[in-house]
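Engineer: Please read through the structure below; I'll follow up with questions.
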Amino acid sequence: MTRVVVCLLAFAAAASAGKLLHPLSDEFIAKINSKQSTWIAGRNFGADEYDLFKQLASGSKGIKNPEQLIATAYDEDVDIPEAFDSREAWPKCADIIGLIRDQSRCGACWAFAAAEAMSDRICIHSNGERKLLVSSQDITTCTFLSGCDGGYVNLPWGQWNTNGYVTGGLYNNTEQGCKSYFLPNCEDHPNQCTDYVDTPSCSDVCDDPSVTYRSQLTYGQIPTYARNEKQIQLEVMQNGPVETSLSVYMDFASYKSGIYQHVLGEYEGGHAVKIIGWGVENGIKYWTIANSWNERWGEDGFFRMLRGVNECGIESEAVSGLPDFTKF
2 MTRVVVCLLA FAAAASAGKL LHPLSDEFIA KINSKQSTWI AGRNFGADEY DLFKQLASGS
62 KGIKNPEQLI ATAYDEDVDI PEAFDSREAW PKCADIIGLI RDQSRCGACW AFAAAEAMSD
122 RICIHSNGER KLLVSSQDIT TCTFLSGCDG GYVNLPWGQW NTNGYVTGGL YNNTEQGCKS
182 YFLPNCEDHP NQCTDYVDTP SCSDVCDDPS VTYRSQLTYG QIPTYARNEK QIQLEVMQNG
242 PVETSLSVYM DFASYKSGIY QHVLGEYEGG HAVKIIGWGV ENGIKYWTIA NSWNERWGED
302 GFFRMLRGVN ECGIESEAVS GLPDFTKF
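Numbering (the working numbering), first residue to last: 2 to 329.
See the structure below:
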């Protein structure tokens with residue numbers, strides 16, 4: 002009997018020590034901060050917004066049919082600088098590259114990262130002459146096998162090459178192109194947000210009916226793929242920001258500043274983002290990345306992530322493409 006009691010007490014102690022904390026609780030955030038020193042955790046979501054976080058953090062389905070893709074050949078003998086920032090490399094396009102969008106309650110990170118990188122590259126490869134925004138709305142609603150329930154990061158780039166996407170910018174802003182985004186920032190418009198969002202149907206009509214859809218189409222060349230740290234650096238340095246996908250864990254919800262690396266919590270889903278550069282801080286290598294959760298999140302909408310070890314798969318699924326100015 003004594004032996005049974007001892008075993009039960011040991012089990013209870015272990016269960017108590019390893020009890021599951023709510024990923025948006027103050028206790029969970031404190032535990033994150035007690036485990037590491039490369040980044041700081043804090044509150045980004047309310048304790049009752051776990052479903053919202055899961056929706057935002059599970060929009061990327063990765064690469065569709067990866068076995069059919071041909072990796073781009075890079076000259077890896079090129080010297081890579083210790084630090085690089087696309088906003089500084091192409092100052093005429095800094096405002097486009099630095100724009101943080103807000104996907105709201107739609108799991109369309111895959112579309113936002115694509116729209117942002119496409120917009121950046123149109124500006125970069127026109128030497129700042131063509132400052133326009135590719136529509137995240139058009140990509141979200143008109144891309145095959147994709148929508149607010151998620152999408153594959155390579156499909157927008159293939160469709161940009163074959164069908165094109167129109168211009169368009171932030172919520173309710175008809176001055177930024179053909180199709181503005183259909184959802185508001187939930188923090189600024191809480192009464193207009195719902196727990197679940199259906200993907201709107203694809204439309205070939207601009208917000209302003211006097212503007213024709215065809216006149217606003219942009220096109221890209223055949224997509225390129227980078228599969229490791231140096232290939233991504235070469236692609237960004239030579240052609241501009243890229244879209245990539247990463248695995249999201251519970252602790253990512255509470256990122257505030259610093260160089261993120263996973264330290265606590267279970268896997269939540271895949272998320273697509275835009276890499277704009279890299280650097281080194283206190284001997285730790287990092288990527289500079291634009292998120293699409295508005296400017297209040299992270300470091301003014303951006304975050305930094307551990308570089309060189311394929312942290313959370315960040316260096317295995319980078320996709321991009323050049324604009325095709327012969328078509329628009």
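Positions of the beta carbon are idealized from the N, C-alpha and C atoms, including for glycine.
Just to confirm, are V154 and T219 a CB contact at a threshold of 9 Å?
Structural biologist: Against the sequence shown, residue 154 aligns to sequence position 153. Against the sequence shown, residue 219 aligns to sequence position 218. In this structure, T219 does not lie closer than 9 Å to V154 by Cβ.
Engineer: Which same chain residues end up closer than 7 Å to H126 when comparing Cβ atoms and leaving out the 5 residues on each side of it in sequence?
Structural biologist: By 1-based counting over the sequence shown, the position of residue 126 is 125. The beta carbon of H126 sits closer than 7 Å to the beta carbons of L323 and P324 from its chain, once the five residues preceding and following it are set aside; these are given in chain order.
Engineer: Identify whether E269 lies in helix, strand or coil by the three-state DSSP scheme.
Structural biologist: If you number the sequence shown from 1, residue 269 lands on position 268. E269: strand per DSSP, three-state reduction.
Engineer: If you draw a straight line from the alpha carbon of K55 to that of E269, how long is it in whole angstroms?
Structural biologist: As a working note, residue 55 is residue 54 in the sequence shown. As a working note, residue 269 is residue 268 in the sequence shown. Using only the alpha carbons, I get a separation of about 6 Å.
Engineer: Along the chain, where does the beta strand (DSSP E) that runs through L247 open and close?
Structural biologist: Here residue 247 corresponds to residue number 246 of the sequence shown, with the count starting at 1. That run of the beta strand (DSSP E) goes V243 to Y250.
Engineer: For the beta strand (DSSP E) that contains A319, what are its first and last residues?
Structural biologist: Looking up residue 319 in the sequence shown gives position 318. First-last of the beta strand (DSSP E) with A319: A319 to S321.
Engineer: In whole angstroms, what is the alpha-carbon distance linking I132 and V274?
Structural biologist: On the sequence shown, residue 132 is found 131 positions in, with the first residue counted as 1. On the sequence shown, residue 274 is found 273 positions in, with the first residue counted as 1. For the record, residue 132 in the displayed sequence is Lys; it is not Ile. C-alpha of K132 to C-alpha of V274: approximately 21 Å in a straight line.
Engineer: In the DSSP assignment, find the beta strand (DSSP E) that holds Y214 and state where it starts and stops.
Structural biologist: Within the sequence shown, the letter at position 213 stands for residue 214. Looking at the DSSP string, Y214 is not in any beta strand (DSSP E), and its letter there is neither H nor E.
Engineer: Could you tell me which of G165, G241, E117 and N66 sits nearest to F85, measuring between CA atoms?
Structural biologist: Position 84 of the sequence shown holds residue 85. Taking only the C-alpha atoms, the option nearest F85 is G241.
Engineer: Rounded to whole angstroms, what's the CA-CA distance from D52 to G108? Just pull it up for me.
Structural biologist: In the sequence shown, counting from the first residue as 1, residue 52 sits at position 51. In the sequence shown, counting from the first residue as 1, residue 108 sits at position 107. Rounded to the nearest angstrom, the two C-alpha atoms are 12 Å apart.
Engineer: If I follow the unbroken alpha helix (DSSP H) through G259, where does it start and stop?
Structural biologist: Locating residue 259 in the sequence shown gives position 258, counting from the first residue. Unbroken run through G259 is the beta strand (DSSP E), Y256 to Y261; no alpha helix (DSSP H).
Engineer: Less than 9 Å between the beta carbons of L247 and C143, yes or no?
Structural biologist: Locating residue 247 in the sequence shown gives position 246, where the first residue counts as 1. Locating residue 143 in the sequence shown gives position 142, where the first residue counts as 1. Taking 9 Å as the cut-off, the beta carbon of L247 is found no closer than this to the beta carbon of C143.
Engineer: Output the distance between the C-alpha atoms of K93 and S120, rounded to the nearest integer angstrom.
Structural biologist: As a first step, residue 93 must be located in the sequence shown, where it is residue number 92. As a first step, residue 120 must be located in the sequence shown, where it is residue number 119. Distance between the alpha carbons of K93 and S120 is about 13 Å.
Engineer: Under a three-way DSSP split, which group does Y51 fall into?
Structural biologist: Start at 1 with the first residue of the sequence shown, and residue 51 comes out as number 50. Y51 falls in the helix class under three-state DSSP.
Engineer: Assign W111 to one of three DSSP states: helix, strand, or coil.
Structural biologist: In the sequence shown, residue 111 corresponds to position 110, counting from 1. Helix at W111.
Engineer: Can you list the alpha helix (DSSP H) stretches of 4 or more residues lying completely in the stretch 112-160, in chain order?
Structural biologist: 137-143
Engineer: Are R305 and G284 close, meaning C-beta to C-beta below 9 Å?
Structural biologist: Taking the first residue of the sequence shown as 1, we reach residue 305 at position 304. Taking the first residue of the sequence shown as 1, we reach residue 284 at position 283. No, they are not a contact pair.
Engineer: For L307, which of helix, strand or coil comes out of DSSP?
Structural biologist: In the sequence shown, residue 307 corresponds to position 306, counting from 1. Residue state, collapsed to three classes: strand.
Engineer: Roughly how many angstroms separate the alpha carbons of V79 and L235, rounded to a whole number?
Structural biologist: Position 78 of the sequence shown holds residue 79. Position 234 of the sequence shown holds residue 235. Roughly 8 Å between the two C-alpha positions.
Engineer: Would a C-beta distance cut-off of 9 Å place G302 and A291 closer than the cut-off?
Structural biologist: In the sequence shown, residue 302 corresponds to position 301, counting from 1. In the sequence shown, residue 291 corresponds to position 290, counting from 1. Yes; because the gap between Cβ atoms is below 9 Å, this pair is in contact.
Engineer: Enumerated in chain order, which unbroken segments of the beta strand (DSSP E) with a length of 3 residues or greater are wholly contained in the stretch 279-305?
Structural biologist: 285-291
Engineer: Under a Cβ-count criterion, where at least 16 other Cβ atoms within 10 Å of its own Cβ denotes burial, should F29 be classed as buried or exposed?
Structural biologist: Translated into positions along the sequence shown, residue 29 becomes position 28. By the 10 Å Cβ count, F29 comes out buried.
Engineer: State the CB to CB distance for the pair R88 and I277, rounded to an integer number of angstroms; the pair is presumed to be in contact (CB under 8 Å).
Structural biologist: Here the question's residue 88 lines up with position 87 in the sequence shown. Here the question's residue 277 lines up with position 276 in the sequence shown. Right, their Cβ atoms sit about 7 Å apart.
Engineer: May I have the straight-line CA-CA distance separating S202 from D103, to the nearest angstrom?
Structural biologist: Stepping through the sequence shown from its first residue, residue 202 is reached at position 201. Stepping through the sequence shown from its first residue, residue 103 is reached at position 102. The straight-line gap from Cα to Cα measures roughly 20 Å.
Engineer: Rounded to whole angstroms, what is the Cα-Cα separation between T73 and W288?
Structural biologist: For the purposes of this step, residue 73 is taken as the residue at position 72 of the sequence shown. For the purposes of this step, residue 288 is taken as the residue at position 287 of the sequence shown. So the two alpha carbons sit approximately 21 Å from each other.
Engineer: Of the choices P210, W298 and C110, whose alpha-carbon is the least far from that of S137?
Structural biologist: If you number the sequence shown from 1, residue 137 lands on position 136. For S137, the nearest C-alpha among the options comes from C110.
Engineer: Quick one: Cα of T225 to Cα of S321, how far?
Structural biologist: The residue labelled residue 225 in the question sits at position 224 within the sequence shown. The residue labelled residue 321 in the question sits at position 320 within the sequence shown. Each residue's alpha carbon lies about 5 Å from the other.
Engineer: Please classify C313: does DSSP put it in a helix, a strand, or coil?
Structural biologist: Taking the sequence shown and counting its residues from 1, the one referred to as residue 313 is at position 312. If DSSP states are grouped into helix, strand and coil, C313 belongs with the helices.
Engineer: Could you tell me the distance, in whole angstroms, from the CA atom of I223 to the CA atom of W158?
Structural biologist: By 1-based counting over the sequence shown, the position of residue 223 is 222. By 1-based counting over the sequence shown, the position of residue 158 is 157. The alpha-carbon atoms of I223 and W158 are separated by roughly 8 Å.
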